[in-house]
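Asks:
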Amino acid sequence: MKRLGPFVPLVVLIAACGGSGRMSKADYQARLQSDGKAVQQSVTAITKSGSVSSLAQFATKADAAEAAVKKAADDLSSLKPPKDVATDNQEIVTALRAIQSGLENLKKAAAAGGTAAVIAAAGKLENAPELKRAEKAIGDLKAKGYTVGFLGS
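Structure (structure tokens):
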């Protein structure tokens, strides 16, 4: 153990330096757009006119959308975005988590066969305060010159 003593500060220094790098603006934009596109495709599968003919089918598509939203939230949460957008990124992640939870509620209501419950869950999701904060964050990203993609539409 004594032989490792001089190396401990070096290992700590290397670890500290290696973990502090932030993404470039271009790399962050690419991830944001990629994650947004995956969310868009799964949500479109639910909302596209004529794409759902039963509550059971809706529940299945909501499950797929929930998985896509979770993946996007997990990915964005794992990033070290540019410092000027770190707070905005966190607001987007928080909104995605709220959407994920809302889709879970929609899925449960649809699986139980309750049309009224599905409508109520959709209304609750639509009015989630996290979504309002994410809209503001996306506006902030755009004002800073970021191209947001689907999440900004």
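Using our numbering, the first residue of the sequence shown is number 740, and each one after it goes up by one.
Glycine included, every Cβ here is placed at the ideal spot set by N, Cα and C.
Quick one: what does DSSP say GLY888 is sitting in, helix, strand or coil?
Replies: The answer is helix: DSSP assigns GLY888 an H, G or I state.
Asks: Using DSSP with H/G/I as helix, E/B as strand and the rest coil, what is ASN844?
Replies: Helix, per DSSP.
Asks: Leaving out five residues on either side along the sequence, give the residues of the same chain with a beta carbon under 6 Å from the beta carbon of THR799.
Replies: Nothing listed; no residue qualifies.
Asks: Residues in the same chain with beta-carbon distance under 7 Å from LYS822, minus the five sequence neighbours each way, listed in chain order, please.
Replies: Cβ neighbours of LYS822 beyond the five flanking positions: ARG761.
Asks: Pull up the distance between the alpha-carbon of ALA812 and that of ARG836, whole angstroms please.
Replies: Going from the Cα of ALA812 to the Cα of ARG836 covers about 6 Å.
Asks: Is there contact here, the segment 844 to 851 with the segment 789 to 797, by at least three beta-carbon pairs under 8 Å?
Replies: With a cut-off of 8 Å, the segment 789 to 797 and the segment 844 to 851 count as touching, because enough Cβ pairs lie within range.
Asks: Please classify ILE858: is it buried, with 16 or more other beta-carbons within 10 angstroms of its beta-carbon, or exposed?
Replies: ILE858 should be labelled exposed.
Asks: Less than 9 Å separating the beta-carbons of GLN768 and GLY888?
Replies: Yes; because the gap between Cβ atoms is below 9 Å, this pair is in contact.
Asks: Say the cut is 8 Å; is the CB of LEU870 nearer than that to a heavy atom of the ligand NAP?
Replies: Ligands displayed in this structure: none; no statement on the ligand NAP is therefore possible.
Asks: When DSSP labels each residue in this structure, what does GLY775 get in the three-state scheme?
Replies: Three-state DSSP puts GLY775 in a helix.
Asks: Just the Cα atoms here: how many angstroms apart are ALA867 and SER763?
Replies: Looking at the two C-alpha atoms, the distance is approximately 31 Å.
Asks: Going by DSSP in three states, ALA801 sits in which element: helix, strand or coil?
Replies: It is helical.
Asks: Output the distance between the C-alpha atoms of THR886 and GLY862, rounded to the nearest integer angstrom.
Replies: In a straight line, the C-alpha of THR886 is about 29 Å away from that of GLY862.
Asks: Answer yes or no: does any C-beta atom of chain C fall closer than 9 Å to that of VAL832?
Replies: In summary, chain C is missing from the structure at hand, where a single protein chain is found.
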